[in-house]
Amino acid sequence: MIICISIALECYVCNYVEGNWNDCVRTVQTCEPLQDTCQSIVQYRTPPFFTVLAERRAFITKACTTTYGCETTSSVISQRCFRSKTRDWICSYCCNTDRCNYYVPGTASRSFPINIVTLIVVFLWYLLWRVL
Numbered sequence: 002m003i004i005c006i007s008i009a010l011e012c013y014v015c016n017y018v019e020g021n022w023n024d025c026v027r028t029v030q031t032c033e034p035l036q037d038t039c040q041s042i043v044q045y046r047t048p049p050f051f052t053v054l055a056e057r058r059a060f061i062t063k064a065c066t067t068t069y070g071c072e073t074t075s076s077v078i079s080q081r082c083f084r085s086k087t088r089d090w091i092c093s094y095c096c097n098t099d100r101c102n103y104y105v106p107g108t109a110s111r112s113f114p115i116n117i118v119t120l121i122v123v124f125l126w127y128l129l130w131r132v133l
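For the sequence shown, our numbering assigns the number 2 to the initial residue and increments by one for each residue that follows.
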């Protein structure tokens, strides 16, 4: 008698959410038995709705899929996968361990504390430079 035990993969899931937070890091789905890969798609573009100055933003989609499906998507959009602050781009990332798609490369994150730290360091460097 052969007993097969299969443990399903768990992935974060969200659909076209601005930034990698809220639903994109809270909602976990147990994948179907044949879905062996977590996929994240990042679209960096101007929002589809009106905003002042129309700044580009990262829109994230995460899902369960197959390795073949994820690799195919990545291959199809690979020529548009170039990170730029001034042009629209789209990239697909694949991974195959539980909840491996929490972080998404190349996305804007809530960087307010980092910006404050950077500002303080630059200011202190300036003061030190003036003293010397």
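A virtual CB, placed ideally from N, CA and C, is assigned to each residue, including glycine.
Legend entry - Cβ pair Thr-73, Gln-40 closer than 8 Å: Your numbering for residue 73 matches position 72 in the sequence shown. Your numbering for residue 40 matches position 39 in the sequence shown. It is not a contact, given that the beta carbons lie outside the stated cut-off.
Legend entry - Which listed residue (Val-43, Trp-22, Cys-65 and Gly-20) has its alpha carbon closest to that of Leu-35: For this step, residue 35 is matched to residue 34 along the sequence shown. Leu-35 has its Cα closest to that of Cys-65, out of Val-43, Trp-22, Cys-65 and Gly-20.
Inset, instruction - With DSSP as the reference, label Ala-93 as helix, strand or coil. - result: On the sequence shown, position 92 is the one that residue 93 refers to. Contrary to the premise, residue 93 reads as Ser rather than Ala in this sequence. Ser-93 falls in the strand class under three-state DSSP.
Inset, instruction - Give the secondary structure of Tyr-103 by DSSP, where H, G and I count as helix, E and B as strand, and everything else as coil. - result: Along the sequence shown, one-based indexing puts residue 103 at 102. Residue state, collapsed to three classes: coil.
Legend entry - Alpha-carbon to alpha-carbon, Ile-91 and Cys-82: Locating residue 82 in the sequence shown gives position 81, where the first residue counts as 1. Locating residue 91 in the sequence shown gives position 90, where the first residue counts as 1. Distance between the alpha carbons of Cys-82 and Ile-91 is about 5 Å.
Inset, instruction - Alpha carbon to alpha carbon, how far is Phe-50 from Ile-61? Give it in angstroms, no decimals. - result: Along the sequence shown, read from residue 1 onward, the residue named residue 61 stands at position 60. Along the sequence shown, read from residue 1 onward, the residue named residue 50 stands at position 49. Rounded to whole angstroms, Ile-61 and Phe-50 show a C-alpha spacing of 16 Å.
Legend entry - Residue environment, Asn-16, which counts as buried when at least 16 other CB atoms sit within 10 Å: The residue labelled residue 16 in the question sits at position 15 within the sequence shown. By the Cβ-count criterion, Asn-16 is exposed, with fewer than 16 other Cβ atoms from all chains shown falling within 10 Å of its own Cβ.
Inset, instruction - Count the other CB atoms, across all protein chains shown, that sit within 10 Å of the CB of Tyr-13; report buried if there are 16 or more and exposed otherwise. - result: Position 12 of the sequence shown, counted from the first residue, corresponds to residue 13. Classified as buried, Tyr-13 has 16 or more neighbouring CB atoms from the shown chains inside 10 Å of its CB.
Inset, instruction - Mind checking who Gln-36 pairs with in its DSSP beta bridge? - result: Position 35 of the sequence shown, counting from 1, holds the residue named residue 36. DSSP, once it has assigned bridges, lists no residue as partnering Gln-36.
Inset, instruction - Could you tell me if Asn-23 is buried or exposed, where buried requires 16 or more neighbouring beta carbons within 10 angstroms of its beta carbon? - result: For the purposes of this step, residue 23 is taken as the residue at position 22 of the sequence shown. By the 10 Å Cβ count, Asn-23 comes out exposed.
Inset, instruction - With a threshold of 16 other CB atoms inside 10 Å of the CB of Thr-68, please say whether the residue is buried or exposed. - result: Within the sequence shown, numbered from 1, the residue matching residue 68 stands at position 67. Label assigned to Thr-68: exposed.
Legend entry - Rounded C-alpha distance that separates Arg-100 from Cys-25: Sequence index remark: in the sequence shown, residue 100 carries index 99 (1-based). Sequence index remark: in the sequence shown, residue 25 carries index 24 (1-based). The straight-line gap separating the alpha-carbon atoms of Arg-100 and Cys-25 is approximately 11 Å.
Legend entry - Closest residue to Arg-57 among Leu-10, Thr-31 and Lys-86 (Cα-Cα distance): Position 56 of the sequence shown holds residue 57. Among Leu-10, Thr-31 and Lys-86, the Cα nearest to that of Arg-57 belongs to Lys-86.
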